[in-house]
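Undergrad: What follows is a structure written as structure tokens; I'll ask about it next.
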Amino acid sequence: MITVTTEATATAGTLKRLSDEGVSIWLDDLSRKRIESGNLAELVADKNVVGVTTNPSIFQAAIGSGEGYEEQLADLAARGVTVDEAVRMMTTADVRAAADILRPVYDATDGRDGRVSIEVDPRLAHETAATIAEAKQLAWLVDRPNVMIKIPATRAGLPAITEVIGLGISVNVTLIFSLERYREVMDAYLAGLEKAAAKGLDLSAVHSVASFFVSRVDADIDKRLTAIGTDEALALKGRAALANARLAYEAYEDVFGAADDAARSTARWTALTGAGANKQRPLWASTGVKDPAYKDTLYVDRLVAPGTVNTMPEATLNATADHGEITGDTVTGGYAQARADLAAVEALGISYDEVVTRLEHEAVAKFEVAWQDLLDAVKKSLGSKGADAE
């Protein structure tokens, strides 16, 4: 018998292998055009996409262009709504529609996947009470069981994560760069589950992912290694981000237990899992390479581990489908090397703590700028349609 391998079969095969290794493939993009054209549904059907993440930059690119939003903008202008309200009406409409497309995945996976994330206003990143209130409002506005509310892992965000999880709202914790902050995020999640349990809520309905950012770590540290310029320094380029992510997965196993060794988990988690709680899965974010010298699937191929999520821009998704190399688990055997790589970077005078702290602050600031750009674009559109946008 002769088997004919088509391009679609090969594409599906590579992405299926990634999924079969326990990696959930989420798309890091959303727009009205992607929804209405049927593109998102096609990616779910043909490319193993089982979730969607959004952020202020994604919405700025989508809504800022105006494409697909003309009718809704005209209606909002006629009602004379504020700019903030207009933006929330458009973004939540997109998330609600995407959640409906992904609802069959949500049902088939008992809520593990089929998720669509929407972020709280980035201007609230350093305000705990306002973040909690915004998260509740977003969950109410989207009104879909498969929505996840994104809360940044800032110092003020940690208690907000606990409170929102404690209300039974599923959370995507975003902008995690440091191992120390990641451990604090896991602690905040467990505290939230304990609050939810004390209220008698069904823990099995609460899900969370912890979005650990990858490529930006290399982008920053590689610049410093290049400036040092020695053979030793240059040999470390492209290693710090993978090392950081792999050690994050080790920390995840320390709390929630390894895939093949549940006894390794903490007693605190063991008590919660007995009540039906779900693990907070690590999500690899910022997985498109920043340096064109690197293989475009680097942060997919080299971060394969069971129980993880990889959220990819469409270019990375297509590259993975075309020439990704999925060879099994590429994380759990590399902890010693990961520690050695980060230690070598530190030995060259590059402070890990300084890098990850600055990256967090810069990421929050970038999202604030993107959000303000979006508000300005919508204000202009509303004004041009005759509404009072002030």
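full-length UniProt numbering applies: residue 1 is where the sequence shown begins, and numbers increase by one.
Beta carbons are placed, not taken as given, at the ideal position from N, Cα and C, and that holds for glycine.
Small disclaimer: the values here were computed from a predicted structure and weren't measured.
For Leu175, which three-state DSSP category applies?
TA: Three-state DSSP puts Leu175 in a strand.
Undergrad: Taking all protein chains shown into account, decide if His361 is buried (16 or more other Cβ within 10 angstroms of its Cβ) or exposed.
TA: The residue is exposed, with fewer than 16 neighbouring Cβ atoms inside 10 Å.
Undergrad: Please report how far the alpha carbon of Leu303 lies from the alpha carbon of Met312, in whole angstroms.
TA: Near 13 Å, if we compare the C-alpha coordinates of Met312 and Leu303.
Undergrad: Within 10 angstroms of its Cβ, does Ile63 collect 16 or more other Cβ (buried), or is it exposed?
TA: Under this definition Ile63 is a buried residue.
Undergrad: Quick check: the Cα distance between Leu382 and Ala370, rounded to an integer number of angstroms?
TA: For Leu382 and Ala370, the distance between alpha carbons rounds to 18 Å.
Undergrad: So for Ala248, helix, strand or coil by DSSP?
TA: Note: Ala248 maps to helix in three-state DSSP.
Undergrad: Can you name, in chain order, every residue of its own chain whose Cβ lies under 7 Å from the Cβ of Ala243, other than the five neighbours on each side?
TA: Closer than 7 Å at Cβ, skipping near neighbours: Ala338, Asp341 and Leu342.
Undergrad: Give a yes or no on whether the C-beta atoms belonging to Gly166 and Lys136 are separated by under 8 Å.
TA: Their beta carbons are not under 8 Å apart, which means Gly166 does not touch Lys136 by this criterion.
Undergrad: Would you call Ile228 buried or exposed, if buried means 16 or more other Cβ atoms sit within 10 Å of its Cβ?
TA: Under this definition Ile228 is an exposed residue.
Undergrad: Would you report the Cα separation of Lys295 and Ala319, rounded to the nearest angstrom?
TA: Distance between the alpha carbons of Lys295 and Ala319 is about 10 Å.
Undergrad: Whole-angstrom Cβ separation of Leu15 and Val52, contact assumed at under 8 Å?
TA: Incorrect: roughly 16 Å between the Cβ atoms, too far for contact.
Undergrad: To which residues of the same chain is Ala347 closer than 8 Å at the C-beta, ignoring the five residues directly before and after it?
TA: So no residue of the chain qualifies.
Undergrad: CB Leu30 to CB Thr54, shorter than 8 Å?
TA: Closer than 8 Å, so yes.
Undergrad: Please tell me whether Val364 and Thr154 are closer than 8 Å, where the distance is taken between their beta carbons.
TA: The answer is yes: Cβ separation under 8 Å.
Undergrad: Going along the chain, which residues of its own chain have a beta-carbon closer than 6 Å to the beta-carbon of Val105, five neighbours each way excluded?
TA: Result list for Val105: Val50, Asp113 and Gly114, in chain order.
Undergrad: Can you tell me which of the three DSSP states Leu27 falls into?
TA: Looking at Leu27 - three-state DSSP - the assignment turns out to be strand.
Undergrad: Under 8 Å by Cβ, that's how I've got residue 461 and Ala285 pegged, so tell me the actual separation to the nearest angstrom.
TA: Outside the displayed span of the chain (1 to 390) sits residue 461, for which this structure offers no information.
Undergrad: Using CA coordinates, which residue listed in Thr92, Ala61, Ile35 and Leu138 is at the minimum distance from Val171?
TA: It is Leu138 whose Cα lies nearest to the Cα of Val171.
Undergrad: Please identify the residue among Leu158, Thr330 and Glu232 whose C-alpha is closest to the C-alpha of Asp301.
TA: Residue Thr330 is the option with its Cα nearest to Asp301.
Undergrad: Between Asp100 and the rest of its own chain, which residues show a CB-CB distance below 6 Å, the 5 nearest in sequence each way excluded?
TA: Answer for Asp100: no residue qualifies.
Undergrad: Rounded to a whole number of angstroms, what is the C-alpha to C-alpha distance between Asp110 and Ala277?
TA: Their backbone Cα atoms lie some 13 Å apart in a straight line.
Undergrad: I think Ser215 touches Tyr335, with their Cβ atoms under 8 Å apart; what is that distance to the nearest whole Å?
TA: Not quite, the Cβ-Cβ distance comes to about 21 Å (not below 8 Å), so this is no contact.
Undergrad: For the segment 121-130 against the segment 156-163, are there 3 or more C-beta pairs whose distance is under 8 Å?
TA: Yes, the segment 121-130 is in contact with the segment 156-163.
Undergrad: Shortest alpha-carbon distance to His207 belongs to which of Leu193, Gly200 and Ala219?
TA: Nearest C-alpha to His207: Leu193.
Undergrad: Just grab the DSSP bridge partners of Gln72 for me.
TA: Bridge partners of Gln72: none, in fact.
Undergrad: Can you tell me whether Ser286 is helix, strand or coil according to DSSP?
TA: In this structure, Ser286 counts as coil in the three-state DSSP scheme.
Undergrad: Between which two residues does the alpha helix (DSSP H) containing Gly64 stretch?
TA: Gly64 -> alpha helix (DSSP H) spans Pro56 to Gly64.
Undergrad: Please state whether DSSP places Lys237 in a helix, a strand or coil.
TA: If DSSP states are grouped into helix, strand and coil, Lys237 belongs with coil.
Undergrad: What's the gap between the Cα of Asp202 and the Cα of Glu163?
TA: Each residue's Cα considered, the two are about 16 Å apart.
Undergrad: Distance, Cα to Cα, Thr6 vs His323?
TA: Here the model assigns Thr6 a pLDDT of 46, short of 50, so the residue's position is not dependable, and the following value carries that caveat. For Thr6 and His323, the distance between alpha carbons rounds to 15 Å.
Undergrad: What is the DSSP secondary structure of Thr308, reduced to helix, strand or coil?
TA: Strand at Thr308.
Undergrad: What residue range is occupied by the uninterrupted beta strand (DSSP E) comprising Gly166?
TA: Segment Gly157 to Gly166 is the alpha helix (DSSP H) holding Gly166; no beta strand (DSSP E) there.
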